[in-house]
Amino acid sequence: METGDIMKQFSKDWGMNAIVQPSHHEVIAEFVPTTANLDSPLAWENIAINSGLPKRSIVAARWVRKPEHRKPGQKPEHVIFTFSNSRVANNAIQDGMVINHKMVNVRREEKDPQRCMKCQQYGHIARECNSEVDVCGRCDRNHPTQTCSASPDNSYCAVCKVKGHIAASRNCPTVLRQLQE
């Protein structure tokens with residue numbers, strides 16, 4: 008029995024108000040050429056076929072960083088692919104994917120702990136923040152992160168107060184603790 012048939016039968020058995028949502032599995036394809044077409048299900052189908060995956064196994068694809076937020080001339084970018092089932096997602100992780108004739112590494116998507124983009128602290132989001140000032144996630148000064156002009160050499164973590172990495176860095180001891188919790 009196909010997944011769609013199972014869901015229809017479940018809805019029929021449980022009544023009209025039952026809602027069945029398929030589970031989706033997200034992975035990150037690393038360093039994908041920015042010339043790759045991710046705009047349509049047909050494009051996803053072609054990527055799946057070229058990667059040796061079932062034709063309609065990719066149900067969504069999006070760039071990690073939107074094109075308008077990329078550095079000028081940036082060529083590769085990471086992509087989040089959503090698969091219809093875990094087996095296919097695991098195959099992509101194990102074997103990689105072929106995108107624009109390039110073999111790319113694929114890994115599980117790791118969810119970041121919830122961090123406020125206003126004060127850079129963990130456990131709440133900006134709209135719930137009580138801080139009166141914005142704290143930059145790159146340099147720890149009092150301005151919004153998106154307006155920061157500090158060079159990468161001048162990064163200073165607003166979370167652990169250590170020079171050399173930004174607040175979102177996975178090398179930050181505080182981030183590592185949050186990921187383990």
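Convert by adding 7 to the 1-based position in the sequence shown; the result is the number in my numbering.
We put the beta carbon where it would ideally sit given N, CA and C, even for glycine.
Since we're looking at a predicted model, the values are computed, not measured.
So is residue i buried or exposed if we call it buried at 16+ other beta carbons inside 10 Å?
i, result
"H32", "buried"
"W51", "buried"
"S58", "buried"
"T42", "exposed"
"E75", "exposed"
"M8", "Its pLDDT being 48, under 50, M8 is placed unreliably by the model, and the measurement read from it follows with that caveat. Flag for M8 reads exposed."
"S162", "buried"
"S84", "For clarity, residue 84 is Glu in the given sequence; the question names Ser instead. By the neighbour-count rule (16 or more Cβ atoms within 10 Å), E84 is buried."
"W21", "exposed"
"K118", "exposed"
Apart from the five residues just before and just after residue i, which ones in its own chain have a Cβ nearer than 7 Å to its Cβ?
i, result
"A55", "P61, K62, S64 and I65"
"C155", "C143, R145 and C146"
"A165", "Q127, V142, C143, G144, D147 and A174"
"K82", "P40 and T41"
If we ignore side chains and look at the alpha-carbon of each, how far apart do residue i and residue j end up?
i, j, result
"E116", "K19", "34 Å"
"I173", "F38", "21 Å"
"S158", "N98", "39 Å"
"E188", "V169", "22 Å"
"V71", "H150", "24 Å"
"S30", "R134", "29 Å"
In terms of DSSP beta bridges, what is residue i paired with?
i, result
"P74", "Note: P74 sits in no beta bridge, so no partner."
"I87", "I35 and R69"
"R122", "Y129"
"I56", "None, per the DSSP bridge assignment."
"V111", "M104"
"P40", "P83"
Near residue i, what residues of its chain come up, given a Cβ to Cβ distance below 8 Å and the 5 sequence neighbours on each side ignored?
i, result
"A68", "L45, A50, W51, I54, V86, I87, F88 and T89"
"Q121", "Y129, G130, H131 and I132"
"M110", "G103 and M104"
"N107", "V39, P40, T42 and A43"
"F78", "The question names Phe, yet the displayed sequence has Lys at residue 78. Hits under 8 Å: none found."
Tell me which residues share the same chain as residue i and place their Cβ nearer than 6 Å to its Cβ, disregarding the 5 neighbours each side in the sequence.
i, result
"P180", "C167"
"A96", "H32, V34 and F90"
"N178", "H172"
"V113", "V34, A36, A99, I100, G103 and M104"
- Could you tell me whether the segment 139-152 touches the segment 117-130, using the rule of 3 or more Cβ pairs below 8 Å? yes
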